[in-house]
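According to our numbering, the stretch in the sequence shown is residues 17 to 147, in order.
Positions of the beta carbon are idealized from the N, C-alpha and C atoms, including for glycine.
None of these values were measured; they are calculated from a predicted model.
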Amino acid sequence: MADLVLSSNHPVKQLVAEWFGGVVVAVGVTSGLLTLFVVTDQMGVLVGIASGALFAPSLAVAMGIWSRSSWLFEMTYLLVWYIGPLNGATPVDFVGTTTASVERGVPIVFIGLSVILVGAALSRRTLDLRR
């Protein structure tokens with residue numbers, strides 16, 4: 017698959033489009049909650065939703081491009097989701113399901129981590145193009 021992707025006219029733009037598509041799907045899935053939180057004036061929760069919408073696609077493209085497989089992302093995301101948002105472990109509660117994680121800024125940290133992951137994916141794609 018890598019040969020097909022790298023032979024396209026715009027492989028870096030394609031990676032950005034894949035990531036953006038993931039963000040759009042994540043926002044679409046949470047659009048009901050977004051509407052509810054905006055209508056009920058709970059703007060603080062929007063940071064957690066933004067973190068979730070950015071983190072999953074960022075982790076997916078970074079782990080997929082570096083490992084050349086979806087397996088690493090699937091296992092890592094499952095573990096992070098199970099430990100963090102599902103069971104309320106504050107350090108990995110990237111969507112802010114607990115008050116403690118929001119107060120400590122965990123969703124904001126994960127937004128920053130998302131930027132780093134996208135940068136890592138873009139750097140790997142650039143390295144692949146030089147080969």
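Item	Value
Classify Phe-110 as helix, strand or coil using the three-state DSSP reduction.	coil
So, is Pro-173 buried or exposed, given that buried needs 16 or more other C-beta atoms within 10 angstroms?	The chain is shown from 17 up to 147; residue 173 falls before or after that span and cannot be answered.
So, with DSSP's three-state summary, where would you put Ser-85?	coil
Go ahead and pull the three-state DSSP assignment for Thr-46.	coil
Between which two residues does the alpha helix (DSSP H) containing Arg-146 stretch?	122-146
From the DSSP output, in three-state form, read off Ala-105 for me.	coil
Val-5 lies in the alpha helix (DSSP H); which residues open and close that run?	Past the boundaries of the shown model lies residue 5; the chain is included only from 17 to 147, so the question cannot be answered.
From the beta carbon of Val-111, is the nearest beta carbon of chain D less than 8 angstroms away?	Protein chain content of the structure displayed is limited to a single chain, and chain D is not contained in it.
With a threshold of 8 angstroms, are at least 3 pairs of Cβ atoms found where one atom belongs to the stretch 45-64 and the other to the stretch 83-90?	no
Beta-carbon separation of Ile-108 and Pro-123 under 8 angstroms?	Going by the sequence as given, residue 108 is Val instead of Ile. No; because the gap between Cβ atoms is not below 8 angstroms, this pair is not in contact.
Give me the Cα-Cα distance between Gly-68 and Ser-139, rounded to the nearest whole angstrom.	23 angstroms
Between the alpha carbons of Ser-74 and Val-131, how many angstroms are there, rounded?	7 angstroms
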